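One structure is given below, encoded as structure tokens.
See below:
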């Protein structure tokens, strides 16, 4: 199975590469890394790079103090290519070619097992799923805030969206969409706190009482969910616009 994001197995390589960069740059330039770590036709968000550095910092603590995000293989490759000044150099390749150095370095810089477990949620699948769902919506929300509604929707155009846009100002609709995402995040945060509390006192058995629904985390799915809620608030004339 192809590696899509950082796993516990490759944590030593991640720490090794991140520290190579940190040892040379006390204050890494996230924009520079995002630009120079990928090819000319590839885009990388500086925010994604910043999150990787936050994860590295949190791994050095006795417990997680900040929200963390697991970097994708695209991010890992960008960080690797940036340090080695070659966009053809890949994260997995360094895991092999620098295996000895990585193992030795990891022995001296190994994070606490409790922190690693918390990062990868190796024992708490439901809590992990809640976190993953929350992060997905947070990413979409951040993207929405940075773009116009037109740019955010992009090519996701259908009759339902056109009917809603016809009846609403784009700025107003964007604010409603932001509020909807924020409410979804708040619900998931409540579930996460409840799940963590139950797990602390009852172990895995406590998670039996937490109901988690699998979600399609595509942008189109989120927009359609919003439209489902929005349509429930429309008047009869607006509903006719959607079905005729």
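Numbering (this note's numbering), first residue to last: 266 to 509.
From the three backbone atoms N, C-alpha and C, an ideal C-beta is built for every residue, glycine too.
Nothing here was measured: the structure is a model prediction, and the numbers come from that model.
Residues of its chain near residue 385, where Cβ-Cβ distance is below 6 Å and the 5 sequence neighbours each way are ignored: For this step, residue 385 is matched to residue 120 along the chain shown. 273.
State yes or no: is the C-beta of residue 286 within less than 7 Å of the C-beta of residue 370? For the purposes of this step, residue 286 is identified with residue 21 of the chain shown, where counting begins at 1. For the purposes of this step, residue 370 is identified with residue 105 of the chain shown, where counting begins at 1. Not in contact: residue 286 and residue 370 (Cβ atoms no closer than 7 Å).
Nonlocal neighbours in the same chain, by C-beta distance under 7 Å from residue 445, ignoring five residues either side: Here residue 445 refers to the residue found at position 180 of the chain shown. Excluding sequence neighbours, residue 445 sits near 491 and 494.
Excluding the 5 residues flanking residue 442 on each side, which residues of the same chain have their C-beta closer than 7 Å to its C-beta? Against the chain shown, residue 442 aligns to sequence position 177. 409 and 491, listed in sequence order.
Sequence-distant residues of the same chain with beta carbon closer than 7 Å to residue 270, five excluded per side: To locate residue 270, count along the chain shown from 1; it is residue 5. Excluding sequence neighbours, residue 270 sits near 335, 336, 337 and 338.
Is the beta carbon of residue 453 less than 7 Å from the beta carbon of residue 395? One-based indexing of the chain shown puts residue 453 at position 188. One-based indexing of the chain shown puts residue 395 at position 130. Contact: yes.
Following the continuous alpha helix (DSSP H) through residue 369, name the residue where it begins and the one where it ends. On the chain shown, residue 369 is found 104 positions in, with the first residue counted as 1. Its alpha helix (DSSP H) spans residues 364-373.
Whole-angstrom Cβ separation of residue 314 and residue 299, contact assumed at under 8 Å? If you number the chain shown from 1, residue 314 lands on position 49. If you number the chain shown from 1, residue 299 lands on position 34. Between residue 299 and residue 314 the Cβ distance is about 5 Å, and since that is below 8 Å, they are a contact.
Rounded to the nearest angstrom, what separates residue 340 and residue 275 at their Cα positions? Position 75 of the chain shown, counted from the start, is the residue given in the question as residue 340. Position 10 of the chain shown, counted from the start, is the residue given in the question as residue 275. Going by the C-alpha atoms only, they are around 14 Å apart.
Note down, in chain order, each residue of its chain lying with its Cβ closer than 6 Å to the Cβ of residue 456, except the 5 sequence neighbours on either side. Locating residue 456 in the chain shown gives position 191, where the first residue counts as 1. Result list for residue 456: 395, in chain order.
Nearest candidate by alpha-carbon position, reference residue 343, set 293, 304, 448 and 440: Within the chain shown, numbered from 1, the residue matching residue 343 stands at position 78. Considering only alpha carbons, the answer is 304.
Run through DSSP, which three-state label would residue 270 get? Within the chain shown, numbered from 1, the residue matching residue 270 stands at position 5. Three-state result, residue 270: strand.
Name, in chain order, the residues that DSSP records as bridge partners for residue 313. Working through the chain shown from its first residue, we reach residue 313 at position 48. Answer is none; residue 313 lacks a bridge partner.
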